[in-house]
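Visitor: I have a structure here, written as structure tokens, and I will follow up with some questions on it.
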Amino acid sequence: MNRVMMDLIREELEAGAAGVLCTVVEEVGSTPRSLGACMWVRPDGSILGTVGGGVLEYHVIQEALDMLAKGPEYRHFREALHCNGVAEGEAACGGELAVFLEVMGRERELVVFGAGHVGKAVAHIAAAAGFRVTVWDEREEFANPENIPWGRTVACPLDRIAEEGIRFHDRTFVVVATRGHALDAAVVKALEGTVTAYKGLIGSRKKIDVVRCNLIREGVAAAYLDGIFQPVGLPIRAETPEEIGVSVVAELIAVSRRGDLKNLRRALSEDGGFPIYPRFE
Numbered sequence: 001m002n003r004v005m006m007d008l009i010r011e012e013l014e015a016g017a018a019g020v021l022c023t024v025v026e027e028v029g030s031t032p033r034s035l036g037a038c039m040w041v042r043p044d045g046s047i048l049g050t051v052g053g054g055v056l057e058y059h060v061i062q063e064a065l066d067m068l069a070k071g072p073e074y075r076h077f078r079e080a081l082h083c084n085g086v087a088e089g090e091a092a093c094g095g096e097l098a099v100f101l102e103v104m105g106r107e108r109e110l111v112v113f114g115a116g117h118v119g120k121a122v123a124h125i126a127a128a129a130g131f132r133v134t135v136w137d138e139r140e141e142f143a144n145p146e147n148i149p150w151g152r153t154v155a156c157p158l159d160r161i162a163e164e165g166i167r168f169h170d171r172t173f174v175v176v177a178t179r180g181h182a183l184d185a186a187v188v189k190a191l192e193g194t195v196t197a198y199k200g201l202i203g204s205r206k207k208i209d210v211v212r213c214n215l216i217r218e219g220v221a222a223a224y225l226d227g228i229f230q231p232v233g234l235p236i237r238a239e240t241p242e243e244i245g246v247s248v249v250a251e252l253i254a255v256s257r258r259g260d261l262k263n264l265r266r267a268l269s270e271d272g273g274f275p276i277y278p279r280f281e
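Note that UniProt numbering numbers the sequence shown so that position 5 is 5, with each residue one more than the last.
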């Protein structure tokens, strides 16, 4: 795969698109493409690159579209390129190709706003659970690869996150856990109108009430604020940053698996109810 193709695929993935990367992994005899040749298949059937054209490529594209529609995430495809019985104008090499197909862009993504103790713990646990993680903070001394090696870090002013490649789509989960009320409110306001799978705000109920009241005074829609999980996390009496991270990521997994959060929260609170983060109440 050449650098231009790699960059184009990366741009599409960062924008939330999905596709199938098809790579020639074996060749026998005379074939139109050699080992390592790649093709990117988009959900609309358009392609980037080629694995040889003709009937073979058509079949590979159909396999890729089937994977995008029904799964699985990986598939090994093999086809002989016969000289006889091939339509005019099609490749007729007489060899055999094996192509490995991999669905990309379907991963759950998590963007954590805030690289403090709690944000760092959430990011670490989420990465271990299979989320593709990005952590943002205004402070470069916090948002850097040395401090957070398990995810991408972005250190910039809030109004420049798009320039730094942070994108939102229907597989993006967002957790807001910055260093203070004002910045939490600024992040929540900046996210109004973005399409995501989940938005959650960490903190005590008192803090969340303050943030909500301030945002409504600034004109942020109450309906938008009502759709934010607040406080984020399942009620497991978490106290340490790591325990809070577990409660938050458990909720993210439940949402991504379409779990019944209402009953789950009720079951965890059957002793009469208790705060999610007792230390912060």
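Cβ atoms here follow ideal geometry from the backbone N, Cα and C, with glycine treated the same way. Every value quoted in this text rests on a predicted model; they were computed, and no experiment measured them.
1) Relative to the alpha-carbon of Ile125, which residue among Arg258, Gly259, Glu251, Asp209 has its alpha-carbon at the smallest distance?
2) DSSP three-state label for Glu14, please.
3) Count the other C-beta atoms from every protein chain shown that fall within 10 angstroms of the C-beta of Gly259, then say buried if there are 16 or more, exposed otherwise.
4) Our contact map puts Glu242 next to Ala121 with C-beta atoms below 8 Å; I'd like the distance itself, whole angstroms only.
5) How about Leu268 and Ile236: do their beta carbons lie closer than 8 Å?
6) According to DSSP, simplified to helix, strand and coil, what is Ala87?
7) Could you please give the first and the last residue of the uninterrupted beta strand (DSSP E) stretch that includes Asn99?
8) Classify Glu57 as helix, strand or coil using the three-state DSSP reduction.
9) Which stretch, first to last residue, makes up the beta strand (DSSP E) that contains Ala80?
10) Would you identify the three-state DSSP class for Cys38, choosing helix, strand or coil?
11) Output the distance between the C-alpha atoms of Thr178 and Arg171, rounded to the nearest integer angstrom.
12) Whole angstroms are fine: how far does the CA of Ala98 sit from the CA of Val4?
13) Quick one: residues in its chain with C-beta nearer than 6 Å to the C-beta of Asn84, no 5 flanking neighbours on either side, listed in chain order?
14) Note the first and the last residue of the continuous alpha helix (DSSP H) segment covering Ala185.
15) For Ala155 and Val248, I'd like the C-alpha separation in whole angstroms.
16) Could you pull the DSSP bridge partners for Trp136 from this structure?
17) Alpha carbon to alpha carbon, how far is Arg78 from Gly36? Give it in angstroms, no decimals.
18) Using CA coordinates, which residue listed in Val20, Leu225, Val195, Glu96 is at the minimum distance from Val111?
19) Could you compute how far the alpha carbon of Ala80 sits from the alpha carbon of Glu14?
20) Nearest by alpha-carbon distance to Leu21: which of Ile9, Thr240, Thr31, Ala162 is it?
21) If you drop the 5 nearest sequence neighbours on each side, which residues of the same chain put their C-beta closer than 8 Å to that of Ile216?
22) Ends of the beta strand (DSSP E) at Glu19?
Guide: Judging by the given coordinates:
1) For the purposes of this step, residue 125 is taken as residue 125 along the sequence shown, with counting starting at 1. Taking the Cα of Ile125 as reference, the smallest distance to any Cα among Arg258, Gly259, Glu251, Asp209 is reached at Glu251.
2) Counting from 1 along the sequence shown, the entry for residue 14 is found at position 14. If DSSP states are grouped into helix, strand and coil, Glu14 belongs with the helices.
3) For this step, residue 259 is matched to residue 259 along the sequence shown. Exposed, since its Cβ has fewer than 16 Cβ neighbours within 10 Å.
4) Reading the sequence shown from its first residue, position 242 is the one you call residue 242. Reading the sequence shown from its first residue, position 121 is the one you call residue 121. Yes, Glu242 and Ala121 are in contact; Cβ-Cβ is about 5 Å, under 8 Å.
5) The residue you call residue 268 lines up with position 268 of the sequence shown. The residue you call residue 236 lines up with position 236 of the sequence shown. In this structure, Ile236 lies closer than 8 Å to Leu268 by Cβ.
6) For the purposes of this step, residue 87 is taken as the residue at position 87 of the sequence shown. Below a pLDDT of 50, predicted positions are generally treated as unreliable, and Ala87, at 37, falls in that range; the measurement from the model is reported next regardless. In the three-state DSSP reduction, Ala87 falls in the coil class, being neither helix nor strand.
7) The sequence position of residue 99 within the sequence shown is 99, counting from 1. The question names Asn, but residue 99 in the sequence shown is Val. DSSP places Val99 inside the beta strand (DSSP E), whose first and last residues are 96-104.
8) As a first step, residue 57 is located in the sequence shown; it is residue number 57 there, counting from the start. Here Glu57 sits in helix by DSSP.
9) Here residue 80 refers to the residue found at position 80 of the sequence shown. Start and end: 74-80.
10) Position 38 of the sequence shown, counted from the first residue, corresponds to residue 38. Reduced to three states, the DSSP call for Cys38 is strand.
11) Position 178 of the sequence shown, counted from the first residue, corresponds to residue 178. Position 171 of the sequence shown, counted from the first residue, corresponds to residue 171. The alpha-carbon atoms of Thr178 and Arg171 are separated by roughly 22 Å.
12) Sequence index remark: in the sequence shown, residue 4 carries index 4 (1-based). Sequence index remark: in the sequence shown, residue 98 carries index 98 (1-based). Approximately 24 Å, taken between the alpha carbons.
13) Walking along the sequence shown from the start, residue 84 turns up at place 84. Residue confidence for Asn84 is low, a pLDDT of 45 falling below 50, so the modelled location carries little weight and cannot support an answer.
14) Here residue 185 corresponds to residue number 185 of the sequence shown, with the count starting at 1. Ala185: member of the alpha helix (DSSP H) spanning 181-190, first to last residue.
15) Taking the sequence shown and counting its residues from 1, one reaches residue 155 at position 155. Taking the sequence shown and counting its residues from 1, one reaches residue 248 at position 248. If you take the alpha carbons of Ala155 and Val248, they lie about 23 Å apart.
16) By 1-based counting over the sequence shown, the position of residue 136 is 136. Phe113, Val154, per the DSSP bridge assignment.
17) What you label residue 36 is simply residue 36 of the sequence shown in a count that begins at 1. What you label residue 78 is simply residue 78 of the sequence shown in a count that begins at 1. One C-alpha to the other measures close to 15 Å.
18) The sequence position of residue 111 within the sequence shown is 111, counting from 1. In this structure, Val195 is the residue among Val20, Leu225, Val195, Glu96 with its C-alpha nearest to the C-alpha of Val111.
19) Taking the sequence shown and counting its residues from 1, the one referred to as residue 80 is at position 80. Taking the sequence shown and counting its residues from 1, the one referred to as residue 14 is at position 14. Cα-Cα distance, rounded: 36 Å.
20) Here the question's residue 21 lines up with position 21 in the sequence shown. In terms of CA proximity to Leu21, Ile9 leads the group Ile9, Thr240, Thr31, Ala162.
21) Along the sequence shown, one-based indexing puts residue 216 at 216. Excluding the 5 residues flanking it on each side, Ile216 has same chain C-beta neighbours closer than 8 Å at Ala222, Leu225, in chain order.
22) Numbered from its first residue, the sequence shown carries residue 19 at position 19. Note on identity: in this sequence residue 19 is Gly, with Glu being the wrong assignment. Counting along the chain, the beta strand (DSSP E) containing Gly19 begins and ends at 19-28.
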